[in-house]
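Chains as they are written, first to last, in the working numbering: chain A, 24 to 303; chain B, 65 to 512.
Written out as structure tokens, the structure is:
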């Protein structure tokens, strides 16, 4: 019994600093959270209400699925990437760039500090995603008057896995970049442009090759999971005069999740190795 | 379920306009208020820095203030408004866990390489309980690297750092940090999370340092009052001046009532008044029997508060002892003679030969080569003669007589002084200043 108490006490002392760092991070980033939440609501409002109100000829999608699909495409394309980059870009490099590490590192194991900060930011960004989904769901209910169906919740779960992958990827950059701004610029560039360029090249030169290396491609699962039945085939062939261009629409559920998890694990592993070697 | 449904009608637009207007108005009001607050903050910092921060804090009911007796310390300076609140800053260190006057911090053969550059070169020293040790050296000497290794921000290339643990033994900090005595660090110019308030950051620091949660608020109030930052408790740190940030840095280092306080350049970037205040605070901590380790390039500031000094240069400790002992061991008497005109270069050799001949009985025969390898130096640019004599009062008189009487035709003395700066300061300044002294090892050269 004494041994169990000792183990529990040890766990408590190990976890306590992470909890403090977590709470402090929430306090530090709450304004960013409010901004992104307001932005999310405004975007959904704009896309789901104003657009249809201003343009009466532009009719709402016929089905609930199409309505949600258009809303979620925007989420995975913009909101998640921007939020991921803005929340996580400073997670490591800011302690070095702003020299706050001199105050904090002697007080807490730096891995615990980053873990607390990571969880704090993750909580906030999941909050933003949840607000987006809830707002979209409310509009869906307003227009279609039917309950939100199960794949919508699956889509939310996949969005969280995607957030984990993006946040880990940005954390990796934050571990070796010198400044927050550089981290934001470089990660946004890679996530927005880098993967798209690679996708285009693969589409042209290797049409048979499914771009499972791409986090962006894996994120298509967020909206495609809504489709009942799941798209099959998962690509679209555009036949030109002399050749055919194959556009891959979505990975399978298993492949998509695996790709995202691999990104997450690899990025965090590399980030921790770099972070361990980095000195103030 | 719910995949389809009737095609909905487009929604009405009428009520969007007032909502958008309301949002725009709210945003404008928010920014106006924010700008006003920032403006007030800047004015407050200016007022604080000008020493007109006379805002009285009415907090008579607080737990901290019940134990505080305000008093004005004698500063020994012309600064009249240095007011320091006398308060139990740090609890008296308990002796029950470890031997009184035992070694608290032990550094053994510590080295640190940055590539091919040896920043710290095999240094060893001990810090005993209750001592205040100063690590003094010019920029780039290895002070901060040493402190960073003690704070575990850098890993030593060689050697080890042993700290006293709660069971009384010495423990290698790089093997385990459990059960070590409580340490407080102030490294470099402190940088904080500028969007957070002083209270939020100090609370965070106290929690990370495992200070009892129920005592944190009282402790923060106590220290903020002591450092005259109480009015800034809920202000964002981004609005603080450099001096205020430095004070906050010291507060965070002692917020958890540590046994040992380690500070790197605590007075850097501060004006004289703030430096005096920081010295007072350090003395306050000393009074509580805490062990203090300070690194600085300001010898005067360090010698004012430290029991022992370690002089460090090029990564090596060149001297480590009490100030008195260092001065004794380096004892040499020095005289500076400033001349009206420089000695004519054509007659310099003859003048210097004559100086040696006439002053020979009074010069220091056992001059420490670390101080100078020759007993007479001449600095043409400064029109100054530096003499190292045997230290006797009568010799000093005789030298003056000779210089006036026998060298009347060669030069005119306008100043004849024994430097006020100690030998220690001189050695230190020689370490960091590239004097343009022209050394003369033979009478034919300019320096004797």
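Note that CB positions come from ideal geometry on N, CA and C, so glycine has one too.
* The alpha helix (DSSP H) enclosing residue 134(A), as first and last residue numbers -> Taking the first chain and counting its residues from 1, the one referred to as residue 134(A) is at position 111. 133 to 167 is the extent of the alpha helix (DSSP H) around residue 134(A).
* Asked: Thinking C-alpha only, which one of 243(A), 147(A), 83(A) is nearest residue 254(A)?
  -> As a working mapping, residue 254(A) is identified with position 231 in the first chain. Restricting attention to 243(A), 147(A), 83(A), the CA atom closest to the CA of residue 254(A) is found in 243(A).
* **Coarse secondary structure for residue 379(B), derived from DSSP in three states** => For the purposes of this step, residue 379(B) is taken as the residue at position 315 of the second chain. Residue 379(B) falls in the coil class under three-state DSSP.
* Asked: What are the boundary residues of the beta strand (DSSP E) that residue 327(B) is part of?
  -> Numbered from 1 along the second chain, position 263 holds the residue referred to as residue 327(B). From DSSP, the beta strand (DSSP E) with residue 327(B) extends over 324 to 328.
* **Simplified DSSP assignment, three categories, for residue 288(B)** => Working through the second chain from its first residue, we reach residue 288(B) at position 224. Here residue 288(B) sits in helix by DSSP.
* Asked: When the Cα atoms are used, what is the spatial distance from residue 471(B) to residue 442(B)?
  -> As a first step, residue 471(B) is located in the second chain; it is residue number 407 there, counting from the start. As a first step, residue 442(B) is located in the second chain; it is residue number 378 there, counting from the start. Taking the straight line from one Cα to the other gives about 15 Å.
* Considering only residues of the same chain and omitting the five flanking positions on each side of residue 223(B), which have a CB-CB separation below 6 Å? -> Along the second chain, one-based indexing puts residue 223(B) at 159. If we look at residue 223(B) and ignore the five residues flanking it on each side, its Cβ neighbours are 172, 173, 174, 175.
* Apart from the five residues just before and just after residue 479(B), which ones in its own chain have a Cβ nearer than 6 Å to its Cβ? -> For this step, residue 479(B) is matched to residue 415 along the second chain. Excluding sequence neighbours, residue 479(B) sits near 402.
* Looking at chain B, which residues of the stretch 33 to 60 of chain A have a Cβ within less than 7 Å of any of its Cβ atoms? -> So the close ones are 40, 43, 47, 50, 51.
* Extent of the continuous beta strand (DSSP E) to which residue 260(A) belongs -> Working through the first chain from its first residue, we reach residue 260(A) at position 237. Looking at the DSSP string, the run of the beta strand (DSSP E) that includes residue 260(A) is 258 to 262.
* Per-residue DSSP class, three states only, for residue 373(B) -> Position 309 of the second chain, counted from the start, is the residue given in the question as residue 373(B). The answer is strand: DSSP assigns residue 373(B) an E or B state.
* To do: Pull up the DSSP beta-bridge partners for residue 358(B), would you.
  => Here the question's residue 358(B) lines up with position 294 in the second chain. Paired residues: 198(B), 327(B).
* **Residues from the stretch 197 to 221 of chain A in contact with chain B, defined by Cβ distance under 7 Å** => none
* Own chain, CB closer than 6 Å to residue 233(A), minus 5 neighbours either side, in chain order -> Residue numbering aside, residue 233(A) sits at position 210 when the first chain is read from its first letter. Hits under 6 Å: 271.
* Does DSSP classify residue 150(B) as helix, strand or coil? -> For the purposes of this step, residue 150(B) is taken as the residue at position 86 of the second chain. Residue placement at residue 150(B) is poorly supported in this model, since its pLDDT is 35, which falls under 50; the coordinates still yield a value, given next. Correct three-state label for residue 150(B): strand.
* Does DSSP put residue 506(B) in a helix, a strand or coil? -> Within the second chain, the letter at position 442 stands for residue 506(B). Model confidence at residue 506(B) stands at a pLDDT of 35, short of 50, so the residue's coordinates are unreliable; what they give is reported in the following sentence. Of the three classes helix, strand and coil, the one that applies to residue 506(B) here is coil, per DSSP.
* In the DSSP assignment, find the unbroken beta strand (DSSP E) run with residue 192(B) in it and report its ends. => Taking the second chain and counting its residues from 1, the one referred to as residue 192(B) is at position 128. Note, residue 192(B): beta strand (DSSP E), 181 to 192.
* Please go through the same chain and pick out, in chain order, the residues whose beta-carbon is closer than 6 Å to the beta-carbon of residue 60(A), but skip the five residues on each side of it. => As a position in the first chain, residue 60(A) is number 37, starting the count at 1. Result list for residue 60(A): 151, 154, in chain order.
* To do: Quick one: measure Cβ to Cβ for residue 248(A) and residue 181(A), integer angstroms, because I've assumed they're closer than 8 Å.
  => As a position in the first chain, residue 248(A) is number 225, starting the count at 1. As a position in the first chain, residue 181(A) is number 158, starting the count at 1. Right, their Cβ atoms sit about 6 Å apart.
* Sequence-distant residues of its chain with Cβ nearer than 6 Å to residue 99(A) (five each side left out) -> The residue labelled residue 99(A) in the question sits at position 76 within the first chain. These residues qualify, in order along the chain: 242, 245.
* Is the beta carbon of residue 475(B) less than 9 Å from the beta carbon of residue 415(B)? -> Residue numbering aside, residue 475(B) sits at position 411 when the second chain is read from its first letter. Residue numbering aside, residue 415(B) sits at position 351 when the second chain is read from its first letter. In this structure, residue 415(B) lies closer than 9 Å to residue 475(B) by Cβ.
* To do: Go ahead and label residue 34(A) buried or exposed: buried means 16 or more other beta carbons lie within 10 angstroms of its beta carbon, across all protein chains shown.
  => Start at 1 with the first residue of the first chain, and residue 34(A) comes out as number 11. Result: exposed.
* To do: Taking residue 267(B) as part of the alpha helix (DSSP H), name the residues at either end of that continuous run.
  => For this step, residue 267(B) is matched to residue 203 along the second chain. Start and end: 262 to 272.
* Residue-level contact to chain A via CB, residue 258(B), 9 Å cutoff -> As a first step, residue 258(B) is located in the second chain; it is residue number 194 there, counting from the start. Among the CB atoms of chain A, one or more fall inside 9 Å of the CB of residue 258(B).
* To do: Let me know the secondary structure DSSP gives residue 319(A) once reduced to three states.
  => One cannot answer for residue 319(A) here, as it falls past the ends of chain A, which runs 24 to 303.
* residue 431(B) Cβ short of 8 Å to the ligand GTP heavy atom set -> You won't find the ligand GTP in this model; it holds no ligand whatsoever.
* Host alpha helix (DSSP H) of residue 212(B) (start-end) -> Translated into the one-based positions of the second chain, residue 212(B) becomes position 148. Its alpha helix (DSSP H) spans residues 207 to 214.
* Asked: Applying a beta-carbon distance threshold of less than 9 Å, which residues of chain B neighbour residue 303(A)?
  -> Within the first chain, numbered from 1, the residue matching residue 303(A) stands at position 280. Going along chain B in sequence order, the residues near residue 303(A) (Cβ under 9 Å) are 212, 217, 218, 251, 252.
* **Cβ-based neighbour list, residue 265(B), same chain, cut-off 8 Å, excluding 5 preceding and 5 following** => In the second chain, residue 265(B) corresponds to position 201, counting from 1. Closer than 8 Å at the Cβ level, and outside the excluded window around residue 265(B), lie 256, 257, 301, 312, 316.
* Asked: Relative to the C-alpha of residue 449(B), which residue among 469(B), 428(B), 407(B) is closest?
  -> Taking the first residue of the second chain as position 1, residue 449(B) is located at position 385. When each option's Cα is compared against that of residue 449(B), the closest is 407(B).
* To do: Please look up how many angstroms separate the CB atoms of residue 230(A) and residue 264(A), rounded, as I've assumed it's under 8 Å.
  => Here residue 230(A) is taken as the residue at index 207 of the first chain, counted from 1. Here residue 264(A) is taken as the residue at index 241 of the first chain, counted from 1. Their Cβ separation, rounded to whole angstroms, is 15 Å, which puts residue 230(A) and residue 264(A) out of contact at 8 Å.
* Among 70(A), 144(A), 301(A), 299(A), the one whose alpha carbon lies nearest that of residue 190(A) -> Taking the first chain and counting its residues from 1, one reaches residue 190(A) at position 167. Nearest of 70(A), 144(A), 301(A), 299(A) to residue 190(A), Cα basis: 144(A).
* Mind checking whether residue 385(B) and residue 320(B) have CB atoms under 9 Å apart? -> The sequence position of residue 385(B) within the second chain is 321, counting from 1. The sequence position of residue 320(B) within the second chain is 256, counting from 1. No, Cβ-Cβ distance for residue 385(B) and residue 320(B) is not below 9 Å.
* Verify whether the separation of the beta carbon atoms of residue 90(A) and residue 162(A) is less than 9 Å. => Counting from one through the first chain, the residue named residue 90(A) turns up at place 67. Counting from one through the first chain, the residue named residue 162(A) turns up at place 139. A contact, by the Cβ cut-off of 9 Å.
* Leaving out the 5 sequence neighbours to the left and right, which residues in its chain are closer than 8 Å to residue 411(B) when beta-carbon positions are compared? -> Position 347 of the second chain holds residue 411(B). Result list for residue 411(B): 474, in chain order.
* CB of residue 55(A) within 9 Å of CB of residue 147(A), strictly -> For this step, residue 55(A) is matched to residue 32 along the first chain. For this step, residue 147(A) is matched to residue 124 along the first chain. Cβ atoms of residue 55(A) and residue 147(A): closer than 9 Å.
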